[in-house]
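Sequential numbering of the sequence shown, starting at 216, is according to this note's numbering.
No residue lacks a Cβ here, since even glycine has one placed at the ideal position from N, Cα and C.
Below: one structure, written as structure tokens.
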Amino acid sequence: MSRVRRVAVMSPQTRLARSRRQARGRWRMPRLRASDAERAAVLYRTQRKRGIPALVAMFALVLGLPVVFAVAPGLDAVRVWGIPLSWLMIALLPYPVMAGLARWQLRRAEKAEDDR
Numbered sequence: 216m217s218r219v220r221r222v223a224v225m226s227p228q229t230r231l232a233r234s235r236r237q238a239r240g241r242w243r244m245p246r247l248r249a250s251d252a253e254r255a256a257v258l259y260r261t262q263r264k265r266g267i268p269a270l271v272a273m274f275a276l277v278l279g280l281p282v283v284f285a286v287a288p289g290l291d292a293v294r295v296w297g298i299p300l301s302w303l304m305i306a307l308l309p310y311p312v313m314a315g316l317a318r319w320q321l322r323r324a325e326k327a328e329d330d331r
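The following block contains the structure:
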């Protein structure tokens with residue numbers, strides 16, 4: 216039984232990216248001065264704390280929709296343009312709300328960065 220050698224087939228861009236990564240060596244995090252490291256740590260903690268309300272709101276939205284549908288099963292009977300309202304809520308409601316939450320969180324994170 217002869218063994219067939221396996222050959223990886225990849226695009227030229229992938230091959231180039233892999234060769235650059237191997238030639239460059241391992242990437243290391245740059246060392247910060249003590250004052251900059253403390254500022255970065257404080258900023259990280261502040262942004263993490265400010266991110267919690269946006270994360271909670273997103274989970275409330277995503278996990279709250281099934282609760283709304285369980286509590287109000289009549290939403291399936293309501294039709295808008297021939298489509299059940301519950302389907303429209305699933306398809307159209309989460310994305311703009313999540314985009315708004317993301318924008319709100321980004322502004323809050325940037326404000327924390329500017330304050331520091």
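Look at the segment 259 to 314 and you find these whole runs of alpha helix (DSSP H), each 4 residues long or longer: 300 to 307. The beta carbons of residue 271 and residue 304 sit no closer together than 9 Å. Only residues of its own chain outside the window of five on either side were considered, and among them 291 have a CB closer than 6 Å to the CB of residue 299, listed in chain order.
For the options 219, 262, 302 and 311, the alpha carbon positioned closest to that of residue 273 is the one of 311. Sequence-distant partners of residue 262 (beyond 5 residues in either direction) whose C-beta falls short of 7 Å from its own C-beta, in its chain, are 324 and 327. Taken atom to atom, the span from the alpha-carbon of residue 253 to that of residue 246 is near 12 Å.
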